[in-house]
Amino acid sequence: MAMSTGKKGSGRGRYSRQPMAEINVTPVVDVMLVLLIVFMVAAPLLTVGVPVDLPKTQAAPLSGDTEPLTITINGNGEIYVQETLTEPDALIPQLTAIAENGYEQRIFVRADNSINYGAVMDVMGRLSAAGFSKVGLVTETDTSPAKKPGTK
4 MAMSTGKKGS
14 GRGRYSRQPM
24 AEINVTPVVD
34 VMLVLLIVFM
44 VAAPLLTVGV
54 PVDLPKTQAA
64 PLSGDTEPLT
74 ITINGNGEIY
84 VQETLTEPDA
94 LIPQLTAIAE
104 NGYEQRIFVR
114 ADNSINYGAV
124 MDVMGRLSAA
134 GFSKVGLVTE
144 TDTSPAKKPG
154 TK
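In our numbering, the protein residues as written are 4 to 155.
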């Protein structure tokens, strides 16, 4: 009966095999590099902001039932608050009164495509001067294929 002991030859001499006592670290380094990359990508997503201990309050949560204010400027330059025709000088007092009665502080400005840019900027300037800072412009999405810059 022959039995292999893992040695080359009879076990005498300089070419005898011995068990390998070293650990191959290449796969371990590969795994560690992958984990490092995963943590580097995930770490910024976990930090929301500066950690603070917020005070407790008895106030009721804000309801999501409030509707944003909408200002519309039609092709003739007429200004509407919601669906009511408004003079430019009466715009801010009317918005302030409406905002105190349960509407959000967000204001959406809708303007006709043919209207002068200055008319829209006049309304936005009045809103900014009155302290309304959450103003958004309403547009329609373009469904035509996008053109490259510089092409006609």
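The beta carbon of each residue, even a glycine, is placed where N, CA and C say it ideally should be.
- In the structure shown, Thr-142 adopts coil according to DSSP, grouped into three states.
- The C-beta distance from Asp-115 to Ile-76 rounds to 6 Å, short enough to fall under 8 Å.
- Assigned with DSSP and collapsed to three states, Ala-133 falls in coil, not helix or strand.
- At least 7 Å separates the beta-carbon of Arg-129 from that of Ile-74.
- In the DSSP annotation of this structure, the continuous segment of the alpha helix (DSSP H) that includes Ala-102 starts and ends at 94–103.
- Rounded to whole angstroms, the gap between the alpha carbons of Ser-117 and Phe-111 is 18 Å.
- For Leu-98, the number of other beta carbons within 10 angstroms of its own is at least 16, and it is reported as buried.
- Judged by DSSP secondary structure, Arg-113 falls within the beta strand (DSSP E) whose first and last residues are 110–114.
- Taken through DSSP and simplified to helix, strand or coil, Val-84 comes out as strand.
- Scanning Ala-24, Leu-72, Ala-45 for the CA closest to the CA of Gln-108 turns up Leu-72.
- For Ile-74, the enclosing beta strand (DSSP E) starts and ends at 72–76.
- For Leu-140, the closest C-alpha among the options Ala-133, Glu-90, Met-127 is that of Met-127.
- In this structure, the alpha-carbon of Thr-29 lies about 11 Å from that of Leu-36.
- Around the beta carbon of Phe-135, 16 or more other beta carbons sit within 10 angstroms, so the residue counts as buried.
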